[in-house]
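Heads up: the sequence shown begins at 1 in my numbering, then just goes up one per residue.
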Amino acid sequence: MTEINGARVLVTGGQRGLGKAFTRELLDAGASKVYVTARRPVPEEDPRTIALPLEVTDAGSVAALLEAVADVDIVINNAGSAIPGGLLEGDVADIAGLFDINVFGPLRIARAFAPMLAENGGGALVNVHSVLSWVAGAGAYGATKAALWSATNSLRLELSGQGTQVVGVHLGYTDTDMTKGIDAPKNDPRDVAKLVIDALLKGESEVLADEASRHYKSALSGPVEGLSLV
Numbered sequence: 001m002t003e004i005n006g007a008r009v010l011v012t013g014g015q016r017g018l019g020k021a022f023t024r025e026l027l028d029a030g031a032s033k034v035y036v037t038a039r040r041p042v043p044e045e046d047p048r049t050i051a052l053p054l055e056v057t058d059a060g061s062v063a064a065l066l067e068a069v070a071d072v073d074i075v076i077n078n079a080g081s082a083i084p085g086g087l088l089e090g091d092v093a094d095i096a097g098l099f100d101i102n103v104f105g106p107l108r109i110a111r112a113f114a115p116m117l118a119e120n121g122g123g124a125l126v127n128v129h130s131v132l133s134w135v136a137g138a139g140a141y142g143a144t145k146a147a148l149w150s151a152t153n154s155l156r157l158e159l160s161g162q163g164t165q166v167v168g169v170h171l172g173y174t175d176t177d178m179t180k181g182i183d184a185p186k187n188d189p190r191d192v193a194k195l196v197i198d199a200l201l202k203g204e205s206e207v208l209a210d211e212a213s214r215h216y217k218s219a220l221s222g223p224v225e226g227l228s229l230v
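Put into structure tokens, the structure is as follows:
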């Protein structure tokens, strides 16, 4: 388990959407400081929240973030991006760029901050996946989330020796800027954040934030035809 009260937390992509919900809920749960990142951060009113710049595809930017953060107990990899379309259309360079953001970006953060977590007794690493980690039909975006899920499972093993709790978060449509054009029922971001905090406190390794995630997780043992949006 990972204690929230008094914790120092890093939330990438923490100034909007789900990242902003994480920040609010963490502070409400007693976190002492939350570092939030954005490509172009804006100042935060709450003195417990510190906004810092980050471009997850840039190793130099990650190194500068590590230098700027005094200490953390919990790292939440929330920053990500999406491009529309399937794998057989569009520019392969754009698909590669999406993998750089959604897969190698979180990996860069995990590699940079793992030693700091170890120094603080282990702490926790949280990676935000998606129900699309398991569901076909979302093209390059879904493929990046599947890759991140696999990377998270490997990181859980590699970080177990230093006592770091690694949590993978799966969720369907959630009410953020990324889904604003989608007409469908959506999760409240703060409800998702509360579930993640609860998982940290209980020492759990996975969060299935909604019925869609629970359904498709249970379908993994069945035929692959059951793992499709279409």
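For each residue, glycine too, the CB sits at the ideal point set by N, CA and C.
N-terminal and C-terminal residue of the beta strand (DSSP E) that V167 is part of: Q165 to H170
Using the three-state DSSP reduction, which class does T37 fall into: helix, strand or coil? strand
For a test of the three-state rule: what should DSSP assign to A29, helix, strand or coil? coil
Alpha-carbon spacing of A70 relative to G222, whole angstroms: 47 Å
Hey, how far is the Cα of E55 from the Cα of R39? 6 Å
Would you kindly report the start and end of the unbroken alpha helix (DSSP H) that includes T2? Premise fails: T2 is in no alpha helix (DSSP H) and is neither H nor E.
On the premise that A147 lies in contact with L98, defined as a C-beta separation below 8 Å, what is that separation, rounded to the nearest angstrom? No, L98 and A147 are not in contact; Cβ-Cβ is about 10 Å, not under 8 Å.
Could you give the distance in angstroms between the alpha-carbon of D46 and the alpha-carbon of T2? 24 Å
With DSSP collapsed to three states, give me the class of A138. coil
Are the stretch 76-96 and the stretch 5-13 in contact at 8 Å, needing three or more beta carbon pairs? yes
D100 to G142, Cα distance in whole Å? 14 Å
Mind listing, in chain order, the continuous alpha helix (DSSP H) runs of no fewer than 4 residues lying wholly within the stretch 76-118? 92-99
Can you give the Cα-Cα distance for E25 and D73, rounded to whole angstroms? 16 Å
Can you tell me which of the three DSSP states S236 falls into? This structure cannot settle anything about residue 236, because the visible part of the chain is limited to 1 through 230.
So A118 packs on Q162, CB below 8 Å; how close in whole Å? 4 Å
Excluding the 5 residues flanking T57 on each side, which residues of the same chain have their C-beta closer than 7 Å to its C-beta? D100, I101 and G105
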